[in-house]
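First up is the structure itself, then whatever we jot down about it.
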Amino acid sequence: MAQEGPPSPETRQEQLFLVAHGISKTYSDGTEALKTVDLEIRRGEIVGLLGENGAGKTTLTKILSGLLPPTEGRVESPQGSVQFGSPREAMEFGIGMVHQHFALVGPFTATENVALGHEHPFSRVRLAKTRERLESLMEESGLHVPLDVPIEKLAVGEQQRVEILKVLSRDVDLLILDEPTSVLTPLEVDDLFDLLRRLRARGKSIILITHKLKEVQSITDRIVVLRHGKLVGNVKTSDATTEQLARLMVGQALEAGTSAVELRDEALPVRRDRERAGPEGETAIVLHVENLMARGSTGEMAVEGVSFDVHAGEIFGVAGVEGNGQTELVECLTGLRAPRQGRATIRGTDILRKDPKDIYRLGVAHIPEDRWEVGLILPFTLAENAILGIHRWERFRGPLRMLRWQAVQKHVTELMDRFEIRATGPNAPAKSLSGGNQQKLIVGRELAKDPEVIVAAQPTRGLDVASAKYIRELLEQMRGKGRAILLVSADLDEVLALSDRVAIMYEGRFMAVCAPSELTRERIGMLMGGVTSTSEEVCSA
Amino acid sequence: MHDHELPARGAERTLRRSLFGLSPIAESLVAAVLGLGLGAIIMALSGFNPILAYAALLKGGFASTYALATSAACAAPLLLTGLTFAICARAGMFNIGAEGQVYMGALATVTLSYFVLPPGLAQIVGILFAMTAGALWSLVPALLRVFRGVNEVISTIMFNWVSHFLALYLVARVLVDPARSSQTVRVPVAARFPILIRGTDLSYAAFAALAFAVVVYILLWHTALGYEIRAAGFNPRAAKYGGIKSRRTMVVSFLLGGMSAGLAGAAMTMGTPPSYAVFAGLSQIANLGFNGMAVAMVGRNHPLGMIASALFFGGLAAGAREMQMTAGVPTEMVSVVQGVIVVTLAVPELVHIFRIFRGRWPRLLGKRGEA
Chain A
1 MAQEGPPSPE
11 TRQEQLFLVA
21 HGISKTYSDG
31 TEALKTVDLE
41 IRRGEIVGLL
51 GENGAGKTTL
61 TKILSGLLPP
71 TEGRVESPQG
81 SVQFGSPREA
91 MEFGIGMVHQ
101 HFALVGPFTA
111 TENVALGHEH
121 PFSRVRLAKT
131 RERLESLMEE
141 SGLHVPLDVP
151 IEKLAVGEQQ
161 RVEILKVLSR
171 DVDLLILDEP
181 TSVLTPLEVD
191 DLFDLLRRLR
201 ARGKSIILIT
211 HKLKEVQSIT
221 DRIVVLRHGK
231 LVGNVKTSDA
241 TTEQLARLMV
251 GQALEAGTSA
261 VELRDEALPV
271 RRDRERAGPE
281 GETAIVLHVE
291 NLMARGSTGE
301 MAVEGVSFDV
311 HAGEIFGVAG
321 VEGNGQTELV
331 ECLTGLRAPR
341 QGRATIRGTD
351 ILRKDPKDIY
361 RLGVAHIPED
371 RWEVGLILPF
381 TLAENAILGI
391 HRWERFRGPL
401 RMLRWQAVQK
411 HVTELMDRFE
421 IRATGPNAPA
431 KSLSGGNQQK
441 LIVGRELAKD
451 PEVIVAAQPT
461 RGLDVASAKY
471 IRELLEQMRG
481 KGRAILLVSA
491 DLDEVLALSD
501 RVAIMYEGRF
511 MAVCAPSELT
521 RERIGMLMGG
531 VTSTSEEVCS
541 A
Chain B
1001 MHDHELPARG
1011 AERTLRRSLF
1021 GLSPIAESLV
1031 AAVLGLGLGA
1041 IIMALSGFNP
1051 ILAYAALLKG
1061 GFASTYALAT
1071 SAACAAPLLL
1081 TGLTFAICAR
1091 AGMFNIGAEG
1101 QVYMGALATV
1111 TLSYFVLPPG
1121 LAQIVGILFA
1131 MTAGALWSLV
1141 PALLRVFRGV
1151 NEVISTIMFN
1161 WVSHFLALYL
1171 VARVLVDPAR
1181 SSQTVRVPVA
1191 ARFPILIRGT
1201 DLSYAAFAAL
1211 AFAVVVYILL
1221 WHTALGYEIR
1231 AAGFNPRAAK
1241 YGGIKSRRTM
1251 VVSFLLGGMS
1261 AGLAGAAMTM
1271 GTPPSYAVFA
1281 GLSQIANLGF
1291 NGMAVAMVGR
1301 NHPLGMIASA
1311 LFFGGLAAGA
1321 REMQMTAGVP
1331 TEMVSVVQGV
1341 IVVTLAVPEL
1351 VHIFRIFRGR
1361 WPRLLGKRGE
1371 A
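Going down the list, the protein sequences come from chains A and B.
Counting along the first sequence from 1, when you hit position 361 you're at 361 in our numbering, and nothing is skipped either side.
Here our numbering = 1-based position in the second sequence + 1000.
Structure below.
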């Protein structure tokens, strides 16, 4: 990431734009998301808002951008107290937010999307005028997007730029970006940061919500750290060390090598009847995929001929920007999508076009990338979720084929114990759990299947540091027990740290399959962006 | 958290969670009170004495053995048609086809008149006829939904009309009583549900309804199939991930619903004196399907909750006559009360249903994990 010092401290840098005093937010269910947080935003500065999941970052910015009213506290500007009843009022005051999930209308062009909500509801939509304005704005800011192409045809990075443009077109002075880099390639991140620097130079203030330490250090002037709804740090970026920030954020020293988790052996029994260490030992191929092709949900080719093997006791990582076919690849291998062609076997048994249930019986566990819509049934209780997919186990079947809730209850209490799932009890609804605990529930459920192959898609996305660490350690333990693990993650650090071999996926193909040590970050960045240095990437792996 | 030693009480807790969770019950009660209150205002505005009227309603619905028996008799078919809606709602669908399925079930039972069967067997055959007819009638919308993606709301409405006119035709032309052209042939004496309390309409049909509700409850909350139905109803994607075939759960829930509605039809023909037949205008079986939806809503789509709400609506229906006689308030006022209750309840319930439909829990509920 290019390093660049903050701009020369001009006088306007010191100008206050917005001050939040003692902001507290308690949700109707009693969750205290924020506890008396003070925050100052000056003109022409980039503030990093750092914190784990559930730290209150999103709540704080939602309050600043008028989406939520604070329970206590007030927001002031140098001109006096301000109160936003809606995002529109905040926008009129000069605060705009770019959310993690874009609020764009897919079939509309960028121009139409910007015009949307811009005009009075009953006035004529003057697209030409909007377009003209956007062109001058693009010229000014150096932010370029195709204006006449439907949004859904644009890359995620471009969509994000449309979102930023949309907010800028409202003449905002404070731009709030919620995890803007999570969907971008390294090159796109650089572009975004260049843009943010240009905006800063023009006197705009920017709040960057993130949990990525490197990013926050490379671009911001000041870093505000939240933990459990409290402001625990407010430091100049140049004075802060990575370790210091990490400590502030997590609230505990995270030392490499020390395992926060110790998994008891009986937790994950090795199946005796199916010992993995055969005569070939560690090199036994468990999952074999050959020339797999699949279409995506909109009919486009998403996976275009992918072949690889995953061995017992190996973590095979798939890196790449999301949306390059990883989702479809995983869905094909787990029975959620029918491929166009290709072959995939587990120890010689075909798994393609089979039912998820049958694939599970062949020894595949699947940690899906979408916790809320695939991995869990949110209104169901912890107990009910803990048996999803294994609800027809003999163990849970009582007389008259009734479900034995006692056995389920026992199973879930064991899971909660082993995987440190914190909840009020086995009958708490899954939606009441924090993201980390939800994921632990999914991982625990899947590992309870005693799988031979573990397909883990984005297993730590959006999780707090401690939970993410815990889940990575579980995966490593599984590798130690001889499981074959397919790890798909957009988190490059994660893939590189965990995998024995890494494939970089771009537009449905593997650009390269290498051992992590053979790859430099720059090279990965290029590969992820579809750039190959030579006509073909060759690795020893 | 560490209560492995305690005997697990999943069943009870599951029940408590869905039945005694404060807010849904409170919601239903608030709606009932609101409905009665608005009814009172309308009565007062129309020049009736609401206190007198409600006293009569209460008396006619609940104050004597006769009143209670009549209420229970009215409640039985409502409970069953309510279950039709509730089962499908749990499976993630909006089945409003109970109405037509009731007609089919009722008409299937009067054909018993063409057979000679001993008592006992006759009732069983009658129940089987009714359930089969209702299930078959619901099969087509179910299959259309599953294989052609036809919205079940549209198809069941259509099927209600088809069955309405089909029933009118069958009553007037095919199953008509040669002696009385205003009604169908009668269910033979051997096939009728015995009356429980002499002089009232309450027959063993009420037990049939109750039993069916209990069976549905056990099926939904205590079997793997029921688990699958509810899982697919809440989140089809997660269900698929869990190896659940939502096509199957949809068809099963539709068939169960059809059986329930068919049984409601049987309750009206085999279990309701004195006619034991279907009238030419379908008067006594009309609207049972729709009123059942109100029962399901107030009972929060839970079989046990619906037993209570069916008794409530049955009481309203039974008390209406007394109200008319004593306070002079037309029986239609009960429909007004019922309407207000349904509207009050429908607002949150509809929001809920749309959430399920769109499968967008996280987005609509706000992401607590990230808050």
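Ideal Cβ positions, reconstructed from N, Cα and C, are used throughout, including at glycine.
Just to check my reading of the structure: residue i and residue j have Cβ atoms closer than 8 Å, yes? What is that Cβ distance to the nearest angstrom?
i, j, result
"B:Y1103", "B:G1243", "38 Å between Cβ atoms; not a contact."
"B:F1048", "B:A1327", "6 Å"
"A:H288", "A:A344", "7 Å"
"A:Q438", "A:A430", "6 Å"
"B:G941", "B:A1067", "Residue 941 of chain B is absent from the model: chain B starts at 1001 and stops at 1371."
"B:S1276", "B:R1192", "The identity of residue 1276 of chain B in the sequence shown is Tyr, whereas the question assumes Ser. So it is a contact: roughly 6 Å between Cβ atoms."
"A:T242", "A:I223", "At roughly 11 Å, the Cβ-Cβ gap does not stay under 8 Å, so A:T242 and A:I223 are not in contact."
"A:E163", "A:F102", "5 Å"
"B:F1094", "B:L1112", "Going by Cβ atoms, the distance from B:F1094 to B:L1112 rounds to 33 Å, so no, they are not a contact pair."
Can you tell me whether residue i is buried or exposed, with buried defined as 16 or more other CB within 10 angstroms of its CB?
i, result
"A:K62", "buried"
"B:E1099", "buried"
"A:H391", "buried"
"B:W1161", "exposed"
"B:A1372", "Shown here, chain B extends from 1001 to 1371; a query on residue 1372 of chain B therefore has no answer."
"A:E328", "buried"
"A:F193", "buried"
"A:A277", "With a pLDDT of only 41 at A:A277, under 50, the local geometry of the prediction cannot be trusted, and no value is derived from it."
"B:V1033", "exposed"
"A:S489", "buried"
"A:N324", "buried"
"A:E282", "Legend: pLDDT at A:E282 = 47, less than 50; position of this residue unreliable, no value from coordinates given."
"B:Q1324", "buried"
Whole angstroms is fine: what's the gap from residue i's alpha carbon to residue j's?
i, j, result
"B:M1259", "A:V408", "31 Å"
"B:A1205", "B:A1172", "26 Å"
"A:G22", "A:V82", "14 Å"
"A:T334", "B:G1281", "55 Å"
"A:G66", "A:S517", "47 Å"
"B:I1087", "B:Y1227", "12 Å"
"B:T1156", "B:V1140", "9 Å"
"A:P69", "A:G85", "7 Å"
"B:I1197", "B:S1071", "13 Å"
"A:L527", "A:I176", "30 Å"
"B:V1252", "B:L1083", "14 Å"
"A:T413", "A:G94", "50 Å"
"A:V228", "A:R74", "Just to set this straight, residue 228 of chain A is His in the shown sequence, not Val. If you take the alpha carbons of A:H228 and A:R74, they lie about 20 Å apart."
"A:I504", "B:M1306", "56 Å"
"A:S136", "A:L165", "11 Å"
Give a yes or no on whether the C-beta atoms belonging to residue i and residue j are separated by under 7 Å.
i, j, result
"A:G157", "A:L184", "yes"
"A:P426", "A:A365", "no"
"A:I454", "A:M478", "yes"
"A:I219", "A:I46", "yes"
"A:A312", "A:G482", "yes"
"A:V502", "A:G317", "yes"
"A:L226", "A:K57", "yes"
"B:G1315", "B:S1203", "no"
"B:G1149", "B:G1105", "no"
"B:G1037", "B:V1336", "no"
"B:L1080", "B:Y1217", "no"
"B:G1035", "B:M1131", "no"
"B:A1320", "B:A1209", "no"
May I ask you to list the residues that DSSP assigns as paired with residue i?
i, result
"A:A484", "A:E314 and A:V453"
"A:N234", "A:V224"
"A:G80", "A:S77"
"A:V167", "Beta-bridge pairing links A:V167 to no other residue."
"A:R397", "A:L403"
"A:G48", "A:L208 and A:I223"
"A:H288", "A:D309 and A:T345"
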